[in-house]
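Undergrad: Have a look at this one.
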Amino acid sequence: MDELYREHILDHYQHPRCKGTITDPDLSFEDANPLCGDRIRMDFRLDGDTLAEVRFSGHGCSISQAAASMLCEFVEGRKLEDIKKLGREDMLEMLGIELGPVRLKCALLALKTLKAGIYGVNQWPGEDEDEA
Amino acid sequence: MTDTRTGLAGAAESSSAAPVAAFDPAVIRADFPLISTPREKRLIYLDSAATSQKPLAVLDAMDRYYRNYNANIHRGVYRIAEEATAAYEDARRRFAKFVNAASPREVIFTRNSTEAINLVAYAWGRWQLKAGDAIVLTPMEHHSNLVPWHILAAERGIELRFIPLTGDGQLDVTALPGLMADGKVKLVSFVHVSNVLGTVNPAAEITRVAKEHGATVLVDASQSAAHMKLDVRAIGADFVACTAHKMLGPTGIGMLWGRRELLEAMPPFLGGGEMIREVHLTSSKWNELPWKFEAGTMAIAEAVGLGAAIAYLEKLGMDAVFAHDRDLSAYALERMTEIPGLRVLGPAADKRGGVVAFTLENVHPHDVATVLDSDGICVRAGHHCAMPLHDQLGIPASARASFHCYSLREEVDALVESLHRARKIFAR
Ligand SMILES: Cc1ncc(COP(=O)(O)O)c(C=O)c1O
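What follows is the structure, encoded as structure tokens:
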């Protein structure tokens, strides 16, 4: 279990990257996990087809907040079309831990917020895969 | 109906047995297979406020029903149908006695306390409440005693008012007369024991004030019925809602106690089989109490299980159960003050039942629960279906440990030890 709280997760949780807000963002989106009350808001500044800047704010457990920090750090400066390709597996790979179904929602909240914010795709990442 | 042949032994066991001399949770545990069966990894169950574990007597009674006399009730004239009917009605009688109801006819079986509260909101509320009326609730309600009223309030144009909380998580009952002074309040509905703060509210006093102001009173006894002596007549309310699965009984069955005159006068809740006396093509006449409110085939096995659960609780003695819960809460509160950064929600131990919710500085409740789980300890993390309460306390969530008759001091020790570990993991 202490695996769950690996060094890099605690590091991102306690020293989050890209934490904050953007004044006058090009896009902005907020989402919550109603089950546990985790909440994440993301502000985006675009530069043509590139995500120039992203900042997240909110609160929640270490998994949801570390995931947001890792994800934002990863996508900042990338092309939108590349970001679009990110899926649930990419997020789980960044986190590098095994998660049960409840904590999985914590882990995927940031990705859900990112995708909804940029593309208006409002569903849990991998939901289709779940059904298959 | 008084038939107690073979197969009913579990449900029909004498309830007048004297309480066991010494209340010993270590002995009681042996009756609960889930927690007493050895397993590879230890299991410390501290989530009885969510649902209790079930003693073998309950499992056996339900199993006997399915194996020996499974039949639909109130219909067949054959022997096992009569046995099933007797067992079902015996559970109702037991529960009526357990809460000191005037008659078993005042006890209506539902699916759970949520449905019992909804029954009142739909059948009584839609019958009695109109635009401009007000309902008094409290900020410490479970969502099941908020949302039905939200729906009704929006539908009818009813105002919701709230008895304020004191700083230590009790109800400020002195505010109640003021809330009711304009005569608009038609219903006061409140929780007897909070599932988050553990607070035992002064139900009889609140009811007395509410009645003086002419309101009808509903008490959500979901937590109290399972842990303390509940006397619906001493409280003096009009409706009391309970749920079997927190009372060592099965899921799927709840109880609404209501004052007979009120239940008689109320229109039915759900329509269907068994709740009618006569049905014509375009109209029907309602059955008498309590069946008027029991449409369709009810949870028969679950009623049988409930009957066995009540017999078991009576054997333990509800005063002893409550004393044990409170003792564990006091011990937990005392031990938990050792933990730096830990904040317990709610009042002092002598004002609460067996519930201790808390926050731990710098560790999210979800993470607390995950660390505890890795040590085999089951606690709840989140808002415990009481989001408005958490808003008032200024926290998004909390972790909660809760006890029942089988909980041990050693389990509290394990909890404290594991909380220290959680703190260390996050204090790098
Ligand atoms: C105070 C309180 N009220 C109502 C409920 C709802 O019980 P049920 O889900 O069995 O309807 C609960 C249980 O979670 C509770 O603790």
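So the protein lines, in turn, are chains A and B. Each number in my numbering comes from the position in the first sequence (counting from 1) with 411 added on. Each number in my numbering comes from the position in the second sequence (counting from 1) with 5 added on. The beta carbon of each residue, even a glycine, is placed where N, CA and C say it ideally should be.
(1) May I ask which residues mark the beginning and end of the alpha helix (DSSP H) holding A/K495?
(2) What residues from the segment 369-387 of chain B come within 8 Å of chain A, judged by C-beta to C-beta, listed N to C?
(3) Looking at chain A, is there any beta carbon in it that lies within less than 9 Å of the beta carbon of B/F363?
(4) Would you decide whether B/R238 is buried or exposed? Buried here means 16 or more other CB atoms lie within 10 Å of its CB.
(5) Any contact between the segment 392-402 of chain B and the segment 419-429 of chain B? By contact I mean 3 or more CB pairs, one from each, below 8 Å.
(6) By the DSSP assignment, the beta strand (DSSP E) with B/V224 in it spans what residues?
(7) Under 9 Å, Cβ to Cβ, is there at least one residue of chain A near B/R433?
(8) Determine the chain B residues that contact A/C483 at a beta-carbon separation under 7 Å, and present them in chain order.
(9) I'd like to know if A/M412 contacts chain B, where contact means its C-beta is closer than 9 Å to some C-beta of that chain.
(10) What's the gap between the Cα of A/L503 and the Cα of A/A518?
(11) Would you mind reading off the limits of the beta strand (DSSP E) that contains B/V112?
(12) Would B/S288 be called buried (16 or more neighbouring beta carbons within 10 Å of its own) or exposed?
(13) Please confirm whether any heavy atom of ligand 1 lies closer than 8 Å to the CB of B/H232.
(14) Please go through the same chain and pick out, in chain order, the residues whose beta-carbon is closer than 7 Å to the beta-carbon of B/W132, but skip the five residues on each side of it.
(15) Taking beta-carbon pairs under 9 Å, can you tell me which members of the segment 393-405 of chain B lie near chain A?
(16) Just to confirm before moving on: does the CB-CB distance between B/I344 and B/L365 stay below 9 Å?
(17) Using the DSSP secondary-structure output, state which residues sit across from A/H470 in a beta bridge.
(18) Check whether chain B comes within 9 Å of A/H470, counting only Cβ atoms and requiring the distance to be less than that.
(19) Counting contacts by CB-CB distance shorter than 9 Å, is A/L446 in contact with chain B?
(20) Taking the runs of the alpha helix (DSSP H) that are 4 residues or longer, which of them lie wholly in the segment 47-132 of chain B?
(21) Within the present structure, is the beta-carbon of B/V196 separated from the nearest heavy atom of ligand 1 by less than 8 Å?
(22) Quick one: does B/S423 have its CB under 9 Å from some CB of chain A?
(23) Note down, in chain order, every chain B residue with its Cβ under 8 Å from the Cβ of A/R514.
(24) How many angstroms separate the CA atom of B/R47 from the CA atom of B/L39?
(25) Give me, in chain order, the residues of the same chain whose beta-carbon lies closer than 6 Å to that of B/M522; leave out the 5 immediate sequence neighbours on both sides.
(26) Between which residues of its own chain and B/F363 is the CB-CB distance below 7 Å, once the five residues before and five after are set aside?
(27) Tell me whether the segment 415-434 of chain A and the segment 442-449 of chain A touch, counting them as touching only if at least three CB pairs, one residue from each stretch, are closer than 8 Å.
(28) Where do the N-terminal and C-terminal ends of the beta strand (DSSP E) with B/E283 fall, by residue?
(29) Could you tell me whether any non-hydrogen atom of ligand 1 is closer than 8 Å to the CB of B/T90?
(30) Per the contact definition of three or more C-beta pairs closer than 8 Å, is the segment 181-195 of chain B in contact with the segment 138-156 of chain B?
(31) Reducing DSSP to helix, strand and coil, say where B/C247 ends up.
(32) Can you name, in chain order, every residue of its own chain whose Cβ lies under 8 Å from the Cβ of B/P370, other than the five neighbours on each side?
(33) In three-state terms, what does DSSP make of B/S149?
(34) At 9 Å on the CB atoms, spell out the chain B contacts of A/S473, in chain order.
(35) Just tell me which of B/L170, B/G259, B/L61 and B/W129 has its CA closest to the CA of B/R97.
TA: So, from the data block:
(1) L491 to K495
(2) Listed by position along the chain: H369, P370, H371, D372, T375, V376, D378, S379, A386 and G387.
(3) No, because no Cβ of chain A sits closer than 9 Å to the Cβ of B/F363.
(4) exposed
(5) Judged by Cβ distances under 8 Å, the segment 392-402 of chain B makes no contact with the segment 419-429 of chain B, as fewer than three pairs qualify.
(6) T221 to D225
(7) yes
(8) Per Cβ cutoff of 7 Å: no residues; A/C483 is ~19 Å from chain B at best.
(9) Bear in mind that the predicted position of A/M412 carries a pLDDT of just 48, short of 50, making it unreliable; the figure below should be weighed with that in mind. For A/M412, the answer is yes, since a Cβ of chain B falls inside 9 Å of its Cβ.
(10) 7 Å
(11) In the DSSP assignment, B/V112 falls within the beta strand (DSSP E) that extends over V112 to T115.
(12) exposed
(13) No, the beta carbon of B/H232 sits no closer than 8 Å to any heavy atom of ligand 1.
(14) For B/W132, where only same-chain residues beyond five positions count, the Cβ hits under 7 Å are M271 and P272.
(15) H395, P401 and A402
(16) yes
(17) A/R450
(18) yes
(19) Yes, its Cβ sits closer than 9 Å to a Cβ of chain B.
(20) 61-73, 84-103 and 118-124
(21) yes
(22) No, B/S423 does not count as interfacial toward chain A.
(23) Within 8 Å Cβ-Cβ: H371 and T375.
(24) 11 Å
(25) The question about residue 522 of chain B has no answer here: the residues shown for chain B are numbered 6 through 433.
(26) M341, L347, R348, V349, L350, S403 and A404
(27) no
(28) I281 to V284
(29) B/T90: no, Cβ never under 8 Å from ligand 1.
(30) Output reads yes: the segment 181-195 of chain B touches the segment 138-156 of chain B.
(31) strand
(32) T364, A386, G387, A402, S403 and A404
(33) helix
(34) V368, H369, H371, D372, T375 and F431
(35) B/G259
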